[in-house]
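Enquirer: The opening position of the sequence shown corresponds to residue 144 in our numbering, with each subsequent residue numbered one higher.
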Amino acid sequence: MAREVILRDDLDGSLEDVETVIISHGRRTVEVDLSQANRDKLAELLAPYFQAGRRTARTTPARSRPSRATAARNRAIREWAARTGLDVPARGPIPAHVVSQYEDEVRQ
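1) Who are Asp176's beta bridge partners in DSSP?
2) With DSSP run on the structure shown, which of helix, strand or coil describes Arg171?
3) Report the option in Glu248, Arg250, Thr213, Arg146 whose CA atom is closest to the CA atom of Ile237.
4) Which one of Ile165, Val231, Tyr245 has the shortest CA to CA distance from Val148?
5) Count the other C-beta atoms from every protein chain shown that fall within 10 angstroms of the C-beta of Tyr245, then say buried if there are 16 or more, exposed otherwise.
6) One question on the structure: do Ala225 and Asp153 come within less than 8 angstroms of each other, judged by their Cβ atoms?
7) With H, G and I counted as helix, E and B as strand and the rest as coil, what does DSSP make of Leu152?
8) DSSP three-state label for Ile237, please.
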């Protein structure tokens, strides 16, 4: 059975023309789902750095399994999202807006 994946912009929640973008800085690499408008903003913000920088060989970061603590936290977020009616994938990254809502709820 085929599943359709619908991406939602992690910044503004829009659904139109959303793609996943990988951003790296230092030792941190993140994936963020962005609409064309937000991808354009990001490209404009980074343009001076790309113009001044040097090209490097493309490297693929080693994939590792999440720690037990991370896995438990992700499970808790997915369970909370299901109880509150938010749609999150059963596997893979949890959208940033869902994590943010979960953290706000836990802090209260």
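Every residue, glycine too, gets a C-beta built ideally from N, C-alpha and C. Here the structure is a predicted model, which is why all the values come from computation and not from measurement.
Expert: Judging by the given coordinates:
1) Answer is Thr163, bridged to Asp176.
2) Residue state, collapsed to three classes: strand.
3) It is Thr213 whose Cα lies nearest to the Cα of Ile237.
4) Checking every option, the nearest Cα to that of Val148 belongs to Val231.
5) With a 10 Å radius around the Cβ and a threshold of 16 neighbouring Cβ atoms, Tyr245 comes out buried.
6) Their beta carbons are not under 8 angstroms apart, which means Ala225 does not touch Asp153 by this criterion.
7) The sequence given here has Asp at residue 152, not Leu. Coil.
8) Residue state, collapsed to three classes: coil.
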